[in-house]
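Chemist: Numbering (this note's numbering), first residue to last: 561 to 616. Below is the structure I would like to discuss, written out as structure tokens.
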């Protein structure tokens, strides 16, 4: 992953997810389908985080 090359430390899970999501948007040329996939993935990530840490 290219983002890791620029980081002086290992990326966190959130940073890695963000870099991958942005890379996917770029590869798919920011088309509507790419945004829909990004939103689905983001909402799923949020749901998972809330279920694992309800105090958030």
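A virtual CB, placed ideally from N, CA and C, is assigned to each residue, including glycine.
Please report the distance separating the alpha-carbon of residue 611 from that of residue 578.
Modeler: Using only the alpha carbons, I get a separation of about 20 Å.
Chemist: On a CA-only basis, which of 595, 606, 594 is nearest residue 574? Give me that one, please.
Modeler: Put simply, of 595, 606, 594 the residue whose alpha carbon is nearest the alpha carbon of residue 574 is 606.
Chemist: Taking residue 604 as part of the alpha helix (DSSP H), name the residues at either end of that continuous run.
Modeler: 592-612
Chemist: Is residue 594 closer than 9 Å to residue 584 when the C-beta atoms are compared?
Modeler: yes
Chemist: Quick one: measure Cβ to Cβ for residue 616 and residue 609, integer angstroms, because I've assumed they're closer than 8 Å.
Modeler: 6 Å
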